[in-house]
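These notes are about the structure you will find just below.
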Amino acid sequence: MGTITVEKANELFWLGRYAERVYTTLREFFIGFDRMIEAEEAYIEYCKIVDVPNVYESKREFLEKYPFDTENPDSILSNLYRAYDNALVLRDEIHTETLSYIQLSIYDMKKARVSIAPLIEMQKVIDNLLAFWGSVDDKVDEEKTRSIIKLGRRVERIDLYLRFRMSCDKLKTEKNKLEKRIVRTGLKYDESKLCELSSMIDSGEILLNQAIALIESLVEV
Amino acid sequence: MEQLYKQSEVVNDLLARYGVKFGIYKNGNFKEQLFPFDAIPRVITKEEFNYLERGLSQRVRALNCFLKDIYAEKKIVKDGVLPEEFLYASSGYLAECESIMPPKGIYSHISGIDLVQSKDGTWYVLEDNLRVPSGASYPMIARELCRRSSPGTFMENKVCDNRNYASLLKQVMDYSNTGGINVIMTPGRYNAAYFEHSYLAEKTGSVLVCGSDLFVEGDHLYYRDYTGKKIQVGAVYRRISDEYLDPMTFKEESVIGVPNIMKVYKKGNVALINAPGNGIADDKGIYYFVPKMIQYYLGEESVLNNASTYLPFYQKDMEYVLENFDKLVIKDVAEAGGYGVVFGSSFTKEKKEDFIELLKREPRRFIAQEVIDFIDIDIMEGDQQVPRKADLRAFVLTGEDTYVWKSGLTRFSRNPDSFIVNSSQGGGFKDTWVLSQ
Chain H
207 MGTITVEKAN ELFWLGRYAE RVYTTLREFF IGFDRMIEAE EAYIEYCKIV
257 DVPNVYESKR EFLEKYPFDT ENPDSILSNL YRAYDNALVL RDEIHTETLS
307 YIQLSIYDMK KARVSIAPLI EMQKVIDNLL AFWGSVDDKV DEEKTRSIIK
357 LGRRVERIDL YLRFRMSCDK LKTEKNKLEK RIVRTGLKYD ESKLCELSSM
407 IDSGEILLNQ AIALIESLVE V
Chain C
14 MEQLYKQSEV VNDLLARYGV KFGIYKNGNF KEQLFPFDAI PRVITKEEFN
64 YLERGLSQRV RALNCFLKDI YAEKKIVKDG VLPEEFLYAS SGYLAECESI
114 MPPKGIYSHI SGIDLVQSKD GTWYVLEDNL RVPSGASYPM IARELCRRSS
164 PGTFMENKVC DNRNYASLLK QVMDYSNTGG INVIMTPGRY NAAYFEHSYL
214 AEKTGSVLVC GSDLFVEGDH LYYRDYTGKK IQVGAVYRRI SDEYLDPMTF
264 KEESVIGVPN IMKVYKKGNV ALINAPGNGI ADDKGIYYFV PKMIQYYLGE
314 ESVLNNASTY LPFYQKDMEY VLENFDKLVI KDVAEAGGYG VVFGSSFTKE
364 KKEDFIELLK REPRRFIAQE VIDFIDIDIM EGDQQVPRKA DLRAFVLTGE
414 DTYVWKSGLT RFSRNPDSFI VNSSQGGGFK DTWVLSQ
């Protein structure tokens, strides 16, 4: 262990990204869902923010399909399956215990699909994902391996925070964490892009599309 | 023990949590399935295990001698113990392995021997699996979860700990290692036994690799990490079939193998676990000769019994098979996993005639065996205990010594009318307890 191929580095990175994507998207979904209890059209705005094609005819259809539709690559469950696909081939690196939290998330997400109170089951998915990150810290001894998964998490979080138009303070915190993490991975990355993104966030003058393009192409895996 | 039975569902939930699954292809689609676990263990007493241990160790030592002989001098053929036809006609015999001596002279490092116990208590060996036998990881993880779910059961019963399988496997890999890291080579996540590959890699501290992660340079095998550094590999526990191992030696269309790995192996610069070419020893036709091998190589009587087997290849046996067709089970030597097994009694008149034609045309292709009415073991079905047919796969590991693992995979049929226990055909599994006193 600790001896990983380019392919595994890629899988670690994307495991981090997808796990984070599910986590942050769920958090946002909670806020959106709450708003949608009263507001019939709030889902349209939500789709715009999270950059999901609005293929839904009603709020009800959105709430029933968007989180669980495995035919839709943007659904929360589809992203969770992608996290699982990466985690499954990394058992020897991340350990069975860590993998189990992704597996449990799938089971809980499936329960949410048939529940009258889906957020209650989805809360368990959030809990599982937090436990997943705890297990990464606890079980993955090799620093570079651990750092690659966490780098995926940081990249995804900045990407999503940009899309969700979160505050500069939040972005700054994440960007600082990313700068510390990226050097520990041993992965190749584009320093000039990191500088450009960093100064954009520090100055508070963020050109959204440009910033997203920078974060998306920062790491070579 | 009652307490453990009641926890069956809890243990199955935990197995699901940890992704204890196997892959199956149905109508061209891949599907992952949970491997149903039944909490009632198969219990083997200390005395009974001592007997099995003697027999299994003896059998595997003889099979290793056979493989060493068959790919070198072939004395067993020259001395007339094994007819030449059974050697060269076997699909398991690989001419490419002629004269290759594996590191430390070990061919079968991990042997899976399938046994059943008849109703009079006699154990019979049904099959020797010396290529890539799978299944040890299931009772290993199940034991861990059973202990967690029902600690009292293990306080009250003195059961040998079976969770040492990974350390035994690591010892075997380390012993054969020619210098470098240990790797477990998998065909990939869509292989039926992928859970086992990844779990054993985790537990042995080996690197889980696909063929494309390895390469040959000069006379050595390497693994390249993501920084570009190459790392020498000394032992490969490969979980892919011989024919896909090296496209330069075997099937050239293989994309899951490592080009030229056989060249490195031939030079003695990497251990392949198990050795290529072992298929000759677990050929169903060769099985008939194992007791003779034990006599020939070790000068001992076989401790364990073979099921009464007939080779239609021999005229006398063919006559017996034709006379007693309805009470025999016929096996195609080229098939595995419970496929190619037919009971004589199950044929219609027409089908029987067709099959007998085939048998006469290709007598080397089949063996016939007396049907063993093996014991039923109870399983839980809801709240009820119901009897089902079950076999045992024992694992024998060969490194510096030959060691019989104090456990095994007990597979059972979920269908009350079936003798077929294979997971691919809907069977489940149990833990196998060996009592320590």
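Protein chains in written order, with the numbering used here: chain H, 207 to 427; chain C, 14 to 450. The beta carbon of each residue, even a glycine, is placed where N, CA and C say it ideally should be. Remember, it's a predicted structure, so these values are computed and weren't measured experimentally.
Any chain C beta carbon closer than 8 angstroms to residue i
i: Ala337/H; result: no
i: Ala225/H; result: no
i: Leu310/H; result: yes
i: Met207/H; result: For Met207/H, the predicted structure reports a pLDDT of 46, less than 50, and the residue's modelled location is therefore unreliable. The matter cannot be settled from this model.
i: Gly434/H; result: No answer is possible for residue 434/H: the residues shown for chain H start at 207 and end at 427.
i: Gly392/H; result: yes
i: Leu283/H; result: no
i: Val425/H; result: no
i: Ser404/H; result: no
i: Ser398/H; result: no
i: Ser306/H; result: yes
Residue environment, residue i, which counts as buried when at least 16 other CB atoms sit within 10 Å
i: Lys44/C; result: exposed
i: Cys401/H; result: exposed
i: Ala323/H; result: exposed
i: Lys373/C; result: exposed
i: Lys364/C; result: exposed
i: Ala108/C; result: exposed
i: Lys329/C; result: exposed
i: Leu371/C; result: exposed
i: Ser147/C; result: buried
i: Lys280/C; result: exposed
i: Ala85/C; result: exposed
i: Asp386/C; result: exposed
i: Asp8/C; result: Outside the modelled stretch of chain C, which goes from 14 to 450, sits residue 8/C, for which no answer is possible.
i: Asp141/C; result: buried
i: Leu413/H; result: exposed
i: Asn415/H; result: exposed
i: Lys91/C; result: exposed
i: Met186/C; result: buried
i: Met275/C; result: buried
i: Leu336/H; result: exposed
i: Ala205/C; result: buried
i: Met406/H; result: buried
i: Arg488/H; result: Outside the shown range of chain H (207 to 427) lies residue 488/H, about which nothing can therefore be said.
i: Pro54/C; result: buried
Distance between beta carbons of residue j and residue i, contact taken as under 8 angstroms
i: Ile293/C; j: Gly93/C; result: Incorrect: roughly 18 angstroms between the Cβ atoms, too far for contact.
i: Ser454/C; j: Leu227/C; result: One cannot answer for residue 454/C here, as it falls past the ends of chain C, which runs 14 to 450.
i: Ala248/C; j: Ser189/C; result: 6 angstroms
i: Asn175/C; j: Arg156/C; result: 5 angstroms
i: Leu357/H; j: Ala293/H; result: Not quite, the Cβ-Cβ distance comes to about 16 angstroms (not below 8 angstroms), so this is no contact.
i: Pro49/C; j: Arg377/C; result: With a Cβ gap of about 37 angstroms, Pro49/C and Arg377/C do not count as contacting.
i: Thr211/H; j: Ile282/H; result: With a Cβ gap of about 30 angstroms, Thr211/H and Ile282/H do not count as contacting.
i: Tyr327/C; j: Ala381/C; result: Actually they do not touch by this definition, with Cβ atoms about 11 angstroms apart.
Cutoff 8 angstroms: residue i Cβ touching any chain H Cβ
i: Arg202/C; result: yes
i: Ser211/C; result: yes
i: Gly105/C; result: no
i: Gly32/C; result: yes
i: Ile57/C; result: no
CB contact check: residue i to chain B, cutoff 8 angstroms
i: Glu251/H; result: Chain labels in this structure do not include chain B; the protein chains are H and C.
Exercise for review: Give, in chain order, every residue of the region 233-259 of chain C whose Cβ lies closer than 9 angstroms to some Cβ of chain H.
Suggested key: Tyr236, Arg237, Asp238, Tyr239, Thr240, Gly241, Lys242 and Ile244
Exercise for review: Please list the residues of the region 214-225 of chain C that have a C-beta atom closer than 7 angstroms to any C-beta atom in chain H, keeping them in chain order.
Suggested key: Ala214, Glu215, Gly218, Val220 and Leu221
Review point. Using a Cβ cut-off of 7 angstroms, which residues of the region 293-304 of chain H contact any Cβ in chain C, in chain order?
Key: Leu294, Val295, Arg297, Asp298, His301 and Thr302
Practice item. Would you check if the region 395-411 of chain C and the region 420-428 of chain C touch, i.e. whether three or more CB-CB distances between them fall below 8 angstroms? Key: yes
Review point. Within the chosen definition, does the region 250-263 of chain C reach the region 198-213 of chain C through at least 3 CB pairs nearer than 8 angstroms?
Key: yes
Exercise for review: Using a Cβ-Cβ cut-off of less than 8 angstroms, give me the residues of the region 209-224 of chain H that come near chain C, in sequence order.
Suggested key: Result list: Thr209, Ile210, Thr211, Val212, Glu213, Lys214 and Ala215.
Practice item. Can you give me, in chain order, the residues of the region 178-199 of chain C that have a beta carbon less than 7 angstroms from any beta carbon in chain H? Key: For the region 178-199 of chain C, the set of residues with a beta-carbon nearer than 7 angstroms to any beta-carbon of chain H comprises Ile194, in chain order.
Check your understanding: At a cut of 8 angstroms, does the region 280-289 of chain H reach the region 306-321 of chain H through at least three beta carbon pairs?
Key -> Contact holds: three or more Cβ-Cβ distances are below 8 angstroms.
Practice item. Indicate whether the contact test is met: 3 or more Cβ pairs, each with one atom in the region 295-306 of chain C and one in the region 59-76 of chain C, closer than 8 angstroms. Key: yes
Exercise for review: Evaluate contact between the region 362-370 of chain H and the region 15-26 of chain C, counting only Cβ atoms and requiring at least three cross-stretch pairs below 8 angstroms.
Suggested key: no
Practice item. Give a yes or no on contact between the region 340-349 of chain H and the region 251-265 of chain H, applying the rule of three or more CB pairs nearer than 8 angstroms. Key: no
Check your understanding: Using 8 angstroms as the threshold, is the region 20-39 of chain C in touch with the region 384-399 of chain H, meaning 3 or more CB pairs across them?
Key -> Output reads no: the region 384-399 of chain H does not touch the region 20-39 of chain C.
Review point. Should the region 284-292 of chain C be called in touch with the region 106-126 of chain C, which here means at least 3 C-beta pairs below 8 angstroms?
Key: The region 284-292 of chain C, when compared against the region 106-126 of chain C, does touch it at the 8 angstroms Cβ threshold.
Check your understanding: Should the region 325-340 of chain H be regarded as contacting the region 302-310 of chain H, the criterion being three or more beta carbon pairs within less than 8 angstroms?
Key -> yes
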